[in-house]
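Encoded as structure tokens, the structure appears first; notes follow it.
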Amino acid sequence: MNRRIITIIIALAAVCGGVMAQQKQGKAFRPRFTQYGAANVTEIGRSKIRILYAFQAQDLKNEDTWIDCGQLLTDKGMTQYSSFFVSENNAYIRKWQKDNPNKSYYPGSAKLKGRMKDYWSEYQYSQIYVQGKEPMEQREQSKVRFESAESRQRKAEGQLTEWAVMPSPEFTQYRYTEPWPSMQWTLESEKQTICGYQCQRATCHWRGRDYVAWFTSAIPMKSGPWKFGGLPGLIMKIYDTKHLYTWEAVSVENGSFPILQLEERFFKDSNRKKVLKMQRDWNVKFHELADAMIVGTETRVTTRYPFDQLELTEQ
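FYI, the numbering for the sequence shown is 1285 to 1599, going by this note's numbering.
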């Protein structure tokens, strides 16, 4: 009887742990440095602010317990969300190659941090750009007397582009553009302090999930991690109500930070529906898809991995 009770307690602990900080769900291998244009990046802007977000953190004070550390950068009406962990590792590799030009290899993950770092997640390796989503005070200053209200509205709404990096052994990466998704937020009165900033609670239903966000008007950017935004201030924390996906700001830094774009020739134009399907397939049946890409390898049907995709609807 006691053994049965202990077993139940352990099982419940495992389930609760998964709810609080979900693992990378599939078993797809992270892409190699040379597979997605990270060896030759282009600086397309400089950001005066950098917001770092812990993604799926078990302990905010310990980076080794995070799935990723995301970074939000902005310049001239454009924002970029990408992985800080991956960016730092790639910068180290580029420097190492420059210092060791005669070497035929490179240290693939020497500086890569985080939990389950050998595996891929689209929420870590993809880059999200939004063009026209300026910080609010910049948008006010940019209004000129002859600019129409319609033109200002288009700039405010912006276009979102996802540079979708796939796992190894896929060598083709994908890119699509869509109108920056509209999120119908309900502002609430509850407040809390996050990363030293007073934040206000807001909720919305978006693409099949219910979300809770905490934003601060002290940083007048209608932005946030991943594709989230549209609130009257920067999103400092956001999670779905099932606690499968959580981002929380851990640092707000002022300085001059480069915004780096991956090499375009690695990316093929596509659309959101196709990219979401590919991302789901790679998470669910990685080994089968990987075998199919290797010439002379018999495709095997492997165990399907459960996968709860963030975006559940096509709209």
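C-beta: ideal position from N, C-alpha, C; glycine also.
- Going by beta carbons, Val-1325 and Thr-1363 fall outside the 8 Å limit.
- For Leu-1518, the closest of Gly-1392, Ala-1312, Val-1370 and Ile-1333 by C-alpha to C-alpha distance is Ile-1333.
- Looking at Tyr-1409, Ile-1377 and Asn-1386, the one whose alpha-carbon comes closest to that of Cys-1353 is Tyr-1409.
- Contact between Ala-1338 and Glu-1532 holds, with the beta-carbon distance rounding to 5 Å and staying under 8 Å.
- Excluding residues up to 5 positions away in sequence, Pro-1315, Tyr-1320, Tyr-1409, Ser-1410 and Gln-1457 lie with their Cβ nearer than 7 Å to the Cβ of Val-1449 in the same chain.
- Between Gly-1392 and the set Ala-1497, Tyr-1376, Glu-1446 and Lys-1511, the nearest pair of CA atoms involves Tyr-1376.
- Note on Glu-1446: 16 or more other CB atoms within 10 angstroms of its CB, so buried under the neighbour-count rule.
- For Tyr-1376, the uninterrupted alpha helix (DSSP H) segment begins and ends at 1368-1383.
- DSSP places Asp-1575 within a helical segment (H, G or I) once states are collapsed to three.
- Restricting attention to alpha helix (DSSP H) runs no shorter than 4 residues, the region 1485-1524 encloses none.
- The C-beta distance from Asp-1359 to Ser-1331 rounds to 5 Å, short enough to meet the 8 Å contact threshold.
- Minimum Cα-Cα distance from Thr-1530 among the listed residues Leu-1515, Met-1400 and Tyr-1407 corresponds to Tyr-1407.
- Contact fails between the region 1560-1576 and the region 1474-1486, because fewer than three Cβ pairs, one in each stretch, are under 8 Å apart.
- Between the alpha carbons of Ser-1535 and Lys-1521 lies a distance of about 12 Å.
- Your pair Cys-1483 and Gln-1468 does not check out as a contact, with CB atoms roughly 19 Å apart and the cut at 8 Å.
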